[in-house]
Each structure stands twice: as C-alpha cells, then as structure tokens.
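In the UniProt record's numbering, the protein residues as written are 1 to 297.
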C-alpha cells in the first residue's frame, strides 16, 4: 500500500509555523527552500540578539564572518589579509549606492591616508640617508673629523632600520601578483566555510549578505541590537528594524544619527546611560568597550 502524498501547508499555516521558528533555523530553511522565501519575507523575523561589527554579523547564536584570503600566484602560499588592507585596492566606494549606510570610524587609520604617510616617510628617510652617507664619506677622508664620521655611521644604521620597517609596511599595500578570495565562515552548531573568487569589496559582500538574510522584510523585531563600529561597517538601506534595547559602542551622535534609517520610524529610542562592557574583538580576543545604551519608549 502506497503512503499517502503529504499535503503542503497552506499559506496561513506556513506563516504561523515560520513565526514560531528559531531565527537561525528559519533563515537556513529560507535559503535552501525557495518555496517559502516569499512567505518568509512578510512574516516578522524575531531575533533575540543581533550584532553588527566590521565584516561580521551575529544572529543569536550564529556568527557570519567575511575575510579576504590572498593566494600569491608564484607560490602555494595563502594568507589572511589584515582588515586594514582589505579596503585599499578594492574600496567599498566602488559599489556603494547613495542610500547605503557607511559608518567609518577609522579616522587617521584610513588605509589610503596610512599609505600616503608611509610613502612620504619613505621619501624623507631616503633623503636623510643620502645626506648622512655624503657626510660620512666626507668625514671618513679626514683624520680630524673621525668622531663625526662615527656619529654619521651610527645615525645611518638607525635610519636604515627605520627605512626597512617602512618598506616592509609598504609591501603590505603593494603585494606581488596574487588572487584574492572572499571567505564566508558561518559559526553555528555545525560550522561551515565557503570560498568565492570575487572582484567585489569584502564590505560589499557583507552588505549583500545582510540584505539577503534580514533585509527586504516587512519587519524585523530585535530584542537587543549591538553595533560595534570599530572601523568600517556598511549596511544596506533595505533594513527595517524594530528594536527594544540598542547598545552602541561609541558616544558619537553622528554615528547614532546615521543608523536611524535602518530603525523603524515608529520606534522612539531614549538614552539609557552607558557602561563598560567586555566585547569580543575577534575569535580569540576580547576587550573592554564603553557602550552607550538606548531603550525604546
């Protein structure tokens, strides 16, 4: 006897089931089951804790992290690209739209500014080394100025060390021939890693991932929203977040104002003081951060 063909859930039943699913499970089902995607977008998504960091998003117990992995063409070497250099040759501005929300708190740590300063320092040290070498050659040919010759030699050795350090730092900005890959790591009960050869900025990829998971929805209801803008965060405008508690690891009114477009206009947030909090900087490092607190009223 053949088993009866299972009857698909009705539209209303599917909405009811989705509304009670754990957020991480629901997002996973929506990504692998196209039949429920349209329903998923209209049912409010409920998340206990949502966290945005540079190139990271945490949804309850699941972490989504994007890195750039560099393969040097002339070798079998693969290396992680430090965040400071991720946005140098492939800047996020290439793909940004007028409505995107870019929170850039790098200030003097902006990679282009760092590069220009290093080039200027390299030029200065090269000129100073040339001057000292001429000076040493002049004093070395004299029996009277031996002390000056020794002093010039010591100064040259000191500046050569500085020059080597600057050149080494500059080499990070100007790597040998290579191919960059984006790596998406999903840390959950079963960890998963995917690699993608891409000419897109890592920040553009993170923005796309955020939009795909929690964007373009009728409503996303968050109990606690954490934003840690320690360098650069790029968010899509297609977010509509209703939040109860908002924790922002900066007291910058400009940063708070720039985040307003992603917060549901019906929600009014009131400052609720501040406190020190232990925040995970990366997978192996934690630090104390000063966090501004806001609560929906």
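Glycine is no exception: its CB is placed at the ideal position from the N, C-alpha and C atoms.
*Compare the Cα-Cα distances from residue 242 to each of 277, 223, 170, 175 and report the closest residue.*
223
*Could you check what DSSP says for residue 71 in three-state terms: helix, strand or coil?*
strand
*Among residues of its own chain, excluding the 5 on either side of residue 1, which ones have a beta-carbon nearer than 8 Å to its beta-carbon?*
With a pLDDT of 49 at residue 1, under the threshold of 50, the modelled position of that residue is not reliable, and the figure given next carries that caveat. So the list is empty, once near-sequence residues are dropped.
*Chain-order list of residues whose beta-carbon lies under 6 Å from that of residue 251 (same chain, five-residue window excluded)*: 292
*Touching or not, the stretch 227 to 246 and the stretch 205 to 216, by the rule of three or more beta carbon pairs under 8 Å?*
Contact holds between the stretch 227 to 246 and the stretch 205 to 216, because three or more Cβ pairs, one in each stretch, are under 8 Å apart.
*Alpha-carbon to alpha-carbon, residue 61 and residue 118*: Each residue's CA atom was taken as its position, placing residue 118 and residue 61 some 41 Å apart.
*Taking the continuous beta strand (DSSP E) assigned at residue 184, which residues delimit it?*
178 to 187
*Does DSSP put residue 43 in a helix, a strand or coil?*
Of the three classes helix, strand and coil, the one that applies to residue 43 here is coil, per DSSP.
_My parser needs the beta strand (DSSP E) runs of 3 or more residues fully inside the stretch 168 to 241; what are they?_
178 to 187, 192 to 197, 220 to 227, 232 to 235
*Using DSSP with H/G/I as helix, E/B as strand and the rest coil, what is residue 96?*
coil
*Select from 50, 148, 17, 154 the residue whose C-alpha is nearest the C-alpha of residue 220.*
50
*Which residues mark the beginning and the end of the alpha helix (DSSP H) in which residue 130 is found?*
111 to 140
*Could you please give me the residues that DSSP links to residue 245 through a beta bridge?*
224, 295
*Spell out a yes or no on whether the stretch 174 to 182 and the stretch 67 to 75 are touching, meaning 3 or more CB-CB pairs, one atom from each, closer than 8 Å.*
yes
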